[in-house]
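Numbered per the working numbering, the sequence shown spans residues 10 to 154.
Here a beta-carbon is modelled for each residue, glycine too, at the ideal position from N, C-alpha and C.
Notes to accompany the following structure.
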Amino acid sequence: MFWKDKSLEQLNHSEWESLCDGCAKCCLHKLQDTETEEVAFTWVHCSLLDCSTCKCSDYPNRLELVPNCLKITYQELEKISSALPSTCAYRLLYEGKELPSWHPLISNDLQSIHTANISIKDMAINELEVDSDELDLFIIEDEDF
Ligand code: SF4
Ligand code: SF4
């Protein structure tokens, strides 16, 4: 279990990438309260996301195509961890928590993220179908998200 034996900083590239559970929650638009700085996720996803598979349709070029796409690195975690969903493996490990039973590294099953209803598979709306001024209508109220 490399994620227990090493610190996040010590992980190699493939270990780091394998921590991503494929939930696609980080591909949802977020809104931030200007006073409290609290971040709220919405049910509206980036247009590059294939919501039926939770995969980015152009992962290699995503940062050029979508300037606000999050590149999660160890160096960035301190700044961005609170803007990641509470189930995100990077956030969990950064906060000193365990990976949950549905994480593919624990379950050895890439589908467990979907069967446990942690991913947003087939649940979110493409940003192209939503007026950007109305994102607040799609805020996710679940505090455990
Ligand atoms: S929220 Fe975290 S675990 Fe889920 S897809 Fe994004 S980076 Fe991966
Ligand atoms: S560009 Fe790809 S990885 Fe980035 S937010 Fe959009 S769908 Fe997700």
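Beta-carbon separation (whole angstroms), residue i vs residue j, contact threshold 8 Å
{"i": "Lys64", "j": "Phe50", "result": "No, Lys64 and Phe50 are not in contact; Cβ-Cβ is about 19 Å, not under 8 Å."}
{"i": "Leu119", "j": "Trp12", "result": "About 17 Å; that fails the 8 Å criterion."}
{"i": "Pro94", "j": "Phe154", "result": "6 Å"}
{"i": "Ala92", "j": "Lys39", "result": "7 Å"}
{"i": "Ile81", "j": "Tyr99", "result": "5 Å"}
{"i": "Ser27", "j": "Leu114", "result": "6 Å"}
{"i": "Leu57", "j": "Ser66", "result": "5 Å"}
{"i": "Cys55", "j": "Glu136", "result": "6 Å"}
Buried or exposed (CB count within 10 angstroms, at least 16 for buried), residue i
{"i": "Lys130", "result": "buried"}
{"i": "Thr45", "result": "exposed"}
{"i": "Thr124", "result": "exposed"}
{"i": "His112", "result": "buried"}
{"i": "Leu37", "result": "buried"}
{"i": "Thr43", "result": "exposed"}
{"i": "Asp30", "result": "buried"}
Secondary structure of residue i, DSSP reduced to three states
{"i": "His112", "result": "coil"}
{"i": "Asn135", "result": "strand"}
{"i": "Ser8", "result": "This structure leaves residue 8 out entirely; the chain is present only between 10 and 154."}
{"i": "Glu107", "result": "coil"}
{"i": "Gln120", "result": "coil"}
{"i": "Ile89", "result": "helix"}
{"i": "Leu17", "result": "helix"}
{"i": "Ser95", "result": "coil"}
Sheet register partners of residue i (DSSP bridge)
{"i": "His54", "result": "Leu37 and Asn135"}
{"i": "Ala49", "result": "Leu40"}
{"i": "Lys64", "result": "Asp59"}
Run of the alpha helix (DSSP H) containing residue i, from where it starts to where it stops
{"i": "Ala98", "result": "Ala98 to Tyr103"}
{"i": "Ile149", "result": "Run containing Ile149: none; DSSP gives neither H nor E here."}
{"i": "Leu72", "result": "Arg71 to Leu74"}
{"i": "Glu143", "result": "Note, Glu143: premise wrong, no alpha helix (DSSP H); not H, not E."}
{"i": "His14", "result": "With the sequence shown as reference, residue 14 is identified as Asp, and His is not the correct amino acid for it. Its alpha helix (DSSP H) spans residues Phe11 to Asp14."}
Cβ of residue i within 8 Å of any chain D Cβ
{"i": "Thr124", "result": "In summary, chain D is missing from the structure at hand, where a single protein chain is found."}
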